[in-house]
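S.K.:
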Amino acid sequence: MNKGRAGAFGPAAYSPGGSAGLHDQDGLRRSHALVSLAKHFETGPAMQVLDLGGLNQQNLDFVTGYGNRLYAQEIVLGYEAFFTPEERLRGEAAAEKIEAFLRECLPFSNGALGAVLVWDRLQFLFPAAAAALVTRLKRLMAPGALLLALFHPEHLSSTAPLACRAGPDGAIKATPKPPARPAEPFNARAIEKLFSGFSGVKFYMTRDSLQEVLIRR
Amino acid sequence: MWNRSRREEETQARQAPPEPVKEAIPTSSYPTRRVDEATTRAAAVIGKTILVKGSVSGKEDLLVDGRLEGDVDLPENRLTVGQGGHIEGKIRAREIVIYGVVQGNMEASERVEIRKNAKVIGDLKACRPVIEDEAYFKGNVETIRVDPPKPPRPAAPPAAAPVEPIILPPAPESRKG
């Protein structure tokens, strides 16, 4: 199987010296979590990858460049179409409705996913939906599969979801995708609690306040 | 006055140098290379107000600006779904370019382009999928890998020494019981 490198933002985005120093420059940052994910792709067999941040060319090239299949969707748009504004405002909906939402969003069999790119999308769902999503993802992920999530700083009550593009050498270009939406705050403890059923949660400290978390099933 | 001007025209025409005789282009009796019609001919069009229910197949490019409820099979050609175009069904083509809406799985032997503001719900299989920003996509993407043609194998090196033929002893006659 072809396990090549892929993904680029175009020559203008890179300094000739590689990705060193690529931080906060037009949303470009070095991501240690992405480096780990790339290693996971390199060393493992071809796998099914789920991207909940919508499809873009860079992530497509990054994932399929390793011979993987990519299922992509913008879960925030699906969520907004599925739940009424009142349900979203109240932050709750019937359990059956949440279940139906998950069935629609995640058409996979148990253990089918080798990796999941959640980015910052958990913060744009109401807590019950986010918790149900994480529980379902755990069931759908294969043992040893990885999940990459980002969390905005706690003090932000609303922000625009990030359009994240994976590039070479563990670089991520994260740019806000307006409009801004209400965002659920998550501190480190809440993140640990959310992923308590997983075998490992790794936090990566970054210079900006965006928290990177890599979770192993 | 009219006569005079006509006479002047006639003299001018007489003075004008004769047009050089063009050499006839020799025509060959051999068949010439045919230009691929699909690349030069305009695509067939399903217009904005047209609704088609049923499958569509063929050997020419197709532009869908209307609504098509059924499968599309154009294995050697290009399908373009215009901004007002809407297809509900499976698509198989050489190239697929989408500006409008597609609900169904797609397979292209070459490329699929999902342009800005297009909406696609379905799985996609292509050699070169191209997704523009602000396109909506929900589904699986699989890249078809085309292995580059292998270089021809080098000829086997000549044997160092001629191989002696192996002479087998004649098989013993089987005894009849």
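In order, the protein sequences belong to chains G and C.
Note that the first sequence ends on residue 198 in my numbering; no numbers are left out.
Note that the second sequence ends on residue 1208 in my numbering; no numbers are left out.
Cβ atoms here follow ideal geometry from the backbone N, Cα and C, with glycine treated the same way.
1. So, using beta-carbon positions, are Ala144/G and Asn49/G closer together than 8 Å?
2. Could you spell out the range, first to last residue, of the beta strand (DSSP E) harbouring Thr156/G?
3. Spell out whether any CB of chain G is found under 8 Å from the CB atom of Val1172/C.
4. What residues in its chain sit with their C-beta under 7 Å from that of Ser1060/C, if we drop five residues either side in the sequence?
5. So for Gln104/G, helix, strand or coil by DSSP?
6. Which residues bound the beta strand (DSSP E) around Phe43/G?
7. Determine contact between the region 41 to 58 of chain G and the region 1162 to 1176 of chain C, defined as no fewer than three beta-carbon pairs at a distance below 8 Å.
8. Alpha carbon to alpha carbon, what distance is there between Ala111/G and Ile79/G?
9. By the three-class DSSP mapping on this structure, what secondary structure does His21/G have?
10. Look up Ala110/G in the DSSP assignment and say whether it is helix, strand or coil.
11. Taking the C-alpha atoms as reference points, what is the distance between Glu1126/C and Leu103/G?
12. Cβ closer than 7 Å: which chain C residues qualify as neighbours of Gln104/G?
13. Just verifying my parser: in three-state terms, what is the DSSP assignment at Val1177/C?
14. What residue from Glu61/G, Ala14/G and Arg117/G has the CA that sits closest to Leu70/G's CA?
15. Relative to the alpha-carbon of Ala96/G, which residue among Ala169/G, Val57/G, Glu55/G and Leu33/G has its alpha-carbon at the smallest distance?
16. Rank Lys20/G, Arg162/G, His133/G and Pro88/G by C-alpha distance to the C-alpha of Ser190/G and give the top, closest one.
17. For the candidate residues Leu118/G, Arg197/G and Ala126/G, whose alpha-carbon lies nearest to that of Pro26/G?
18. If we count Cβ pairs, one from each stretch, closer than 8 Å, do we get three or more for the region 8 to 20 of chain G versus the region 104 to 124 of chain G?
19. Assuming Gly1097/C and Ile1081/C are in contact, meaning their beta carbons sit under 8 Å apart, how far apart are those beta carbons, in whole angstroms?
20. Along chain C, in chain order, which residues have C-beta atoms closer than 8 Å to that of Arg50/G?
21. Report the residue from His136/G, Val182/G, Met186/G and Thr187/G whose alpha carbon sits nearest the alpha carbon of Arg198/G.
22. Find the nearest neighbour of Lys1169/C within the set Pro1160/C, Ala1073/C and Asp1154/C, judged by alpha-carbon distance.
23. Need the endpoints of the beta strand (DSSP E) that Leu1093/C sits in, please.
M.R.: Reading from the atomic positions:
1. no
2. Ala152 to Pro157
3. yes
4. Below a pLDDT of 50, predicted positions are generally treated as unreliable, and Ser1060/C, at 44, falls in that range; the measurement from the model is reported next regardless. Within the same chain, Ser1060/C has no close Cβ partners at all.
5. helix
6. Not the beta strand (DSSP E): Phe43/G falls in the alpha helix (DSSP H), residues Gln38 to Thr45.
7. yes
8. 10 Å
9. helix
10. helix
11. 36 Å
12. Neighbours of Gln104/G on chain C: none; closest Cβ ~21 Å, over 7 Å.
13. coil
14. Glu61/G
15. Leu33/G
16. His133/G
17. Ala126/G
18. no
19. 4 Å
20. Asn1171, Val1172 and Glu1173
21. Val182/G
22. Asp1154/C
23. Leu1093 to Val1095
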